[in-house]
Amino acid sequence: MFLGKLFNADFQHTTERSCSLSASYFIVWLSVSGLLQMSVLVANDDGWLLDACSLIDEGFKCCLGVNNGHFRCHFKKQNFDILKPHIVLKCTSDASSNAVQNTETHTTEDARVNPKTRKKRKRQSSDLNQGELDAAVYHEKVRLLVLEGSQSLLEAGHHCGYFTDAIHPVSTSQTPAVECQLAALCDMAKQFLTEEAADTPKQVVKGHADLDAHLNLFSCLTGNPDAHAREVTLIGERYFLPPRSRFLLSDITRLQPLVTSGDKFDLIVLDPPWENKSVKRSRRYRFLPSSQLKQLPVPELSTAGCVVVTWVTNRPRHLRFVKEELFPHWGVKVVAQWLWVKVTRTGEFVFPLDSPHKKPYEVLLLGRSCAGRENTTRCEAELPDRRLIVSIPSSLHSHKPSLSAVLKPYIRPDAKCLEMFARILQPDWTSWGNEVIKFQHHSYYISENAECACDTLTSEHRHETPSGHMTTSEPNYS
Ligand SMILES: C[S@@+](CC[C@H](N)C(=O)[O-])C[C@H]1O[C@@H](n2cnc3c(N)ncnc32)[C@H](O)[C@@H]1O
1 MFLGKLFNAD
11 FQHTTERSCS
21 LSASYFIVWL
31 SVSGLLQMSV
41 LVANDDGWLL
51 DACSLIDEGF
61 KCCLGVNNGH
71 FRCHFKKQNF
81 DILKPHIVLK
91 CTSDASSNAV
101 QNTETHTTED
111 ARVNPKTRKK
121 RKRQSSDLNQ
131 GELDAAVYHE
141 KVRLLVLEGS
151 QSLLEAGHHC
161 GYFTDAIHPV
171 STSQTPAVEC
181 QLAALCDMAK
191 QFLTEEAADT
201 PKQVVKGHAD
211 LDAHLNLFSC
221 LTGNPDAHAR
231 EVTLIGERYF
241 LPPRSRFLLS
251 DITRLQPLVT
261 SGDKFDLIVL
271 DPPWENKSVK
281 RSRRYRFLPS
291 SQLKQLPVPE
301 LSTAGCVVVT
311 WVTNRPRHLR
321 FVKEELFPHW
331 GVKVVAQWLW
341 VKVTRTGEFV
351 FPLDSPHKKP
361 YEVLLLGRSC
371 AGRENTTRCE
381 AELPDRRLIV
391 SIPSSLHSHK
401 PSLSAVLKPY
411 IRPDAKCLEM
421 FARILQPDWT
431 SWGNEVIKFQ
441 HHSYYISENA
451 ECACDTLTSE
461 HRHETPSGHM
471 TTSEPNYS
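Take 1 as the starting number for the sequence shown in full-length UniProt numbering and just add one per residue.
Take a look at the structure:
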């Protein structure tokens, strides 16, 4: 049961923050004592404080290596070492007018990426284009929610010692200098594969014999059906696949194997490559026009009453498109709007809340598929509106926190979940995208010699080793 609900009476629009806080502390205690998932540190009626890094690690308590040794691994914590806000407000006084001015100073790589922004003349509100004016209106609507809602979550996080300026030890190995060009490989595969479904749309990775040569990653759903993570070699590189995870590595025009697999999903999360200046400038990935997003086979992949969640940039134009065109086109009714609030490891917003350049939050639009719903009785809780997910973002461009823990109360226990435009896999989820295994590459992880939770290993796997024993020798990839 979702524990936050227990405290509804206390939280309901009360101005007595102490009341709300004591409930939050109780939830922190539950979390620390293992009664809640460790990744949800606080849950209250404002939203959730989430530890996105430990959420990834939950899938890697036991990993079976290519040599059948088993080990535990962790996503590199330095990816979440956001110690200072990217921009800070600096107060300067103007001696001639005795006035105090707030100017923005870049503290991190933002300044290196775009040094010009520092020199920009302060723009007058009359200089703003329509998109920027709309964004300012939207910001006025949500700023109080962000400010007040995040307060109780941040206070609870401070109280339990989650926010700290201690630096994680930096691993000697860095993330790959030359990233494997998964999207380019998908483009190449596109030339050779027809749009029709593959003959065998599903395949599993099982045992170290099933490597590279046997797997068709671009036109089949590939899965690790085991209860433990697995290290595999794919396209000549080592990857870690979480337990019971499946993926399709393909371009949007080659989604057919997913559709013909016949699977229907109760939860679909999408993070489309929206067109925006920073993506264009950095050329990190290509964006997709809205017309192409409408072609996604979301209705074919949804169960009646499926929860559909879309990440949207802070551009009101995109938000309007999802609300007024995309969701209606898919037969999805908008039911809630949440915000992801990004904070540093010391609990400050990553950008000043009122910065004209970048905001410390991003939008999530949640809907339910209406098709066939009238004939079904569903027992999941209604999705609440205006909630915040507060977390430390990763420094990897555009990397979002997993929503699996916060959405659990709103879907049935055995729900099938799909992430579209994913770059990471999740235990029990199906994921698709043209970079879908990017953050499963071994270089994003540290493997550990420590005893791992391999009670889940079946006797079948224990017999896989040539000697008939589980090996305990650990591969050290980091
Ligand atoms: C906003 S990013 C997703 C980020 C992801 N949610 C994360 O947390 O790391 C969008 C993704 O869509 C992928 N993409 C862009 N064009 C695509 C296409 N034509 N087909 C499939 N995926 C595409 C990009 O390569 C990128 O990985």
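Where a beta carbon is used, it is the ideal one built from N, C-alpha and C, also for glycine.
Suppose you measure from the CA of residue i to the CA of residue j; what does that come to, to the nearest Å?
i	j	result
Glu86	Cys417	First, the amino acid is wrong: residue 86 is His here, not Glu. Each residue's alpha carbon lies about 34 Å from the other.
Gln256	Asp354	44 Å
His158	Val259	45 Å
Asp187	His441	20 Å
Ser402	Gly367	17 Å
Cys63	Ser261	27 Å
Pro360	Leu270	20 Å
Ser291	Glu275	12 Å
Tyr410	Ile389	15 Å
Val42	Leu49	5 Å
Ile235	Thr430	20 Å
Ile446	Arg246	22 Å
Lys358	Phe351	7 Å
Phe321	Ala336	15 Å
Thr303	Asp414	13 Å
Glu140	Asp51	28 Å
Leu185	Ala156	45 Å
Glu382	Asn449	44 Å
Thr344	Leu55	18 Å
Glu132	Glu435	31 Å
Gly69	Pro242	16 Å
Phe265	Thr233	28 Å
Met38	Val137	37 Å
Asn314	Asn67	46 Å
His228	Ser250	25 Å
Glu300	Phe218	20 Å
Leu36	Gly433	Caution is warranted here: a pLDDT of 48 is assigned to Leu36, below 50, making its placement in the model unreliable, and no coordinate value can be reported.
Arg386	Val142	9 Å
Phe287	Ser150	31 Å
Asp263	Cys454	30 Å
Comparing C-alpha positions only, which one of the options sits nearest to residue i?
i	options	result
Gly347	Leu83, Leu365, Arg315 and Val363	Leu83
Pro273	Phe265, Lys264, Asp263 and Ile252	Ile252
Leu319	Thr303, Lys358 and Leu339	Leu339
Gly65	Met38, Asn224, Leu153 and Leu425	Asn224
Tyr444	Leu396, Leu128 and Pro360	Leu396
Asp226	Ile235, Leu234 and Phe240	Phe240
Ala422	Ile235, Ser219, Ala136 and Ile268	Ile268
Arg230	Leu425, Val436, Lys190 and Asn434	Leu425
Phe192	Lys202, Ser54 and Asn216	Asn216
Ala371	Leu147, Ala136, Val232 and Val298	Val298
Met420	Ile56, Gln130 and Leu293	Leu293
Gly305	Lys333, Thr233, Pro289 and Lys77	Lys333
Phe75	Cys53, Asn67 and Asn68	Cys53
Val312	Glu148, Asp263 and Leu326	Leu326
Lys202	Thr194, Asn67 and Thr222	Thr222
Val146	Lys408, Ser398, Gly433 and Ser391	Ser391
Gln295	Ser369, Arg254, Arg238 and Thr164	Arg254
Val308	Arg286, Pro289, Gly331 and Phe287	Gly331
Phe163	Phe349, Arg387 and Gly433	Phe349
Arg244	Pro427, Gly433, Asn44 and Asp57	Pro427
Leu128	Pro356, Lys408 and Ser398	Pro356
Leu248	Arg238, Glu237, Cys220 and Asp263	Cys220
Leu365	Lys408, Thr310, Arg412 and Ser398	Thr310
Glu148	Pro384, Asn44, Pro328 and Glu58	Asn44
Return yes when at least one heavy atom of ligand 3 lies under 7 Å from the C-beta of residue i, else no.
i	result
His441	Looking at this structure, you won't find ligand 3 anywhere; what it does contain is ligand 1.
Tell me residue i's beta-bridge partners as DSSP assigns them.
i	result
His70	Leu64
Gly367	Val308 and Val334
Glu419	Val269 and Ser431
Leu318	Position check: residue 318 holds His in this sequence, whereas Leu was assumed. His318 pairs with nothing; no bridge assigned.
Leu234	Glu237
Phe351	Paired residues: none, contrary to the question.
residue 479	In the structure displayed, the chain extends from 1 to 478; residue 479 sits before or after that span and is not available.
Leu388	Gly47 and Leu339
Thr441	The sequence shown places His at residue 441, rather than the Thr named in the question. His441 is bridged to Tyr239.
Ile56	For Ile56, which the question treats as bridged, DSSP gives no partner whatsoever.
Gly223	Val204 and Arg246
Just confirm the distance between the C-beta atoms of residue i and residue j, as a whole number of angstroms; I'd bet it's less than 8 Å.
i	j	result
Arg72	Phe60	6 Å
Lys438	Leu182	6 Å
Lys323	Pro393	Not really, about 25 Å apart at Cβ, beyond 8 Å.
Asp46	Leu153	6 Å
Val406	Val40	7 Å
Ala135	Pro316	6 Å
Verify the CB distance criterion: does residue i have a CB-CB separation below 8 Å to chain C?
i	result
Cys454	Structure shown: chain C not included; a single protein chain is present.
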